[in-house]
Amino acid sequence: MRKLRLGIIGAGWMAGMCCEGIAETDHLQAEMVYARRLSAAQEFAARYHLPACTDNLDEMLRSDTVDAVYIATTNETHLSLALQAVEAGKPVLVEKPFTLNYKEARQLVDAARRQGVFVMEAMWSRFIPGMLMAAELVRSGMFGNLSAIHMQTGCVLTPEKNGRVYDLSRGGGALVDIGVYALSILEMLVSQTPARVINRMSRDPASGVDIRDELTLVYSSGVRADILVTCEEERPTTLLLEGGRGSLALDSFVQAQQLIVTQNGRTRYYDFSGNRYRYAYQLEHFARCVLEGEAESYIFPLDCTLRVMRTMDACRFAAGYLFPGEEQNTVLTADRR
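Counting in the UniProt record's numbering, the sequence shown runs from 1 upward without gaps.
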């Protein structure tokens, strides 16, 4: 099988992580980088040894040497850039969050399906071996009917070093930037949207963005999920799932190097340390799906992305948190408390 030639849209930190992941794949190679400033594209291409760079997006989208593109730009640009790529017939890997909200996500998914172009959200934690096994154990019924899920994630993001996170017009805030990891893994485990959401949100007084979200999500199946998201302090990305027949604990729901299964007073450990670079799994999956002519990812189909976006909207709307020009809708019952 040949290698898929990837064009990278954006020359920032995430684009660099992509290139590091590509180095550990078998069916993907970085071919070209686009940045609004040619000097930035040139510097990136030199650092990661890409054969081509440009400050003209149309040049990349028309290029016969670029088979697909990866969008690694700021949140508010994802929809417009992805739609341009879909219109050009280029398969697209869109960095998380897929778009700013469910309405935009629905627009992009509809365009991709209408045009028959492969589109996938880049949520690398859903593709790592430990997380795939965790989801399979849950689906197998090992833990019985699920009753509770506890998650937390936190890191220090400051206006000085992470300006985009503190800019509401760019889709900023802790929930959208880092909370989306927790919401996506939650969807992976429960495969549904919640019936009710409560968000006890704290905002940065200067910018208005959320800096702490204490979420409670209640599902019609009886599951209750409690999630803490913060960009004020470091927090381990732990997960504890409880069911009628046992429990599952993860050292980290984004790394998933150790799974701890407890049933009938007995504990088993599953070790996934020593695997390849964490971004490589989703990149290899994307490449193989495109090369093999898949309509959508069979690990992370677009309907899953849509459920995540609906849930994230509900979490924001529960606290009255809207982006500029956005209207609050009622996709889910959202309690403001």
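Think of the CB as a built atom: it goes at the ideal place given N, C-alpha and C, for glycine as much as any other residue.
Among the options, which residue has its Cα nearest to the Cα of residue i?
| i | options | result |
| --- | --- | --- |
| serine 221 | Leu146, Gly179, Ile198 and Val261 | Leu146 |
| leucine 228 | Gly320, Gln255, Ala249 and Ala182 | Ala182 |
| arginine 278 | Arg200, Trp124, Ala68 and Gly154 | Trp124 |
| tyrosine 219 | Thr74, Arg62, Arg307 and Lys90 | Arg307 |
| arginine 266 | Asp64, Glu214, Arg245 and Arg224 | Arg245 |
| glutamate 234 | Cys155, Asp226 and Val223 | Cys155 |
| alanine 41 | Gly12, Glu121 and Met17 | Gly12 |
| serine 207 | Ser39, Pro324 and Thr311 | Pro324 |
| glutamate 24 | Asn56, Arg113 and Ala287 | Ala287 |
| threonine 54 | Ile8, Ser202, Arg203 and Pro129 | Ile8 |
Applying the 10 Å Cβ sphere with the 16-neighbour rule, what's the burial state of residue i?
| i | result |
| --- | --- |
| asparagine 264 | exposed |
| glutamine 282 | buried |
| histidine 49 | exposed |
| tyrosine 34 | buried |
| aspartate 177 | buried |
| arginine 268 | exposed |
| glutamine 328 | exposed |
| arginine 62 | exposed |
| arginine 36 | exposed |
| aspartate 213 | buried |
| threonine 305 | buried |
Three-state secondary structure (DSSP) at residue i?
| i | result |
| --- | --- |
| glutamate 187 | helix |
| asparagine 56 | coil |
| asparagine 75 | helix |
| serine 125 | helix |
| leucine 228 | strand |
| tyrosine 321 | coil |
| alanine 30 | strand |
| arginine 113 | helix |
| arginine 316 | helix |
| serine 247 | strand |
| arginine 337 | Low local confidence applies: a pLDDT of 36 at arginine 337 is under 50, so the model's placement there is unreliable, with the coordinate-based value given in what follows. Here arginine 337 sits in coil by DSSP. |
Who does residue i pair with in a DSSP beta bridge?
| i | result |
| --- | --- |
| aspartate 210 | Arg203 |
| threonine 99 | Paired residues: none, contrary to the question. |
Inter-stretch contact at 8 Å, needing at least 3 Cβ pairs: the region 139–154 / the region 285–298
No, they do not touch.
Is the region 161–171 close to the region 187–194, with three or more CB pairs under 8 Å?
Short answer: they don't touch.
Can you confirm whether the region 147–158 touches the region 234–241 when touching is taken to mean that 3 or more C-beta pairs between the two stretches lie within less than 8 Å?
Result yes; three or more Cβ-Cβ pairs closer than 8 Å.
The region 108–116 touching the region 84–93, judged by at least three CB pairs closer than 8 Å
Yes, they touch.
With three or more C-beta pairs closer than 8 Å as the rule, is the region 3–18 touching the region 251–261?
The region 251–261 makes no contact with the region 3–18, as fewer than three CB pairs between them are under 8 Å.
How do the region 191–211 and the region 302–321 stand: do at least 3 beta-carbon pairs fall below 8 Å, yes or no?
Contact holds: three or more Cβ-Cβ distances are below 8 Å.
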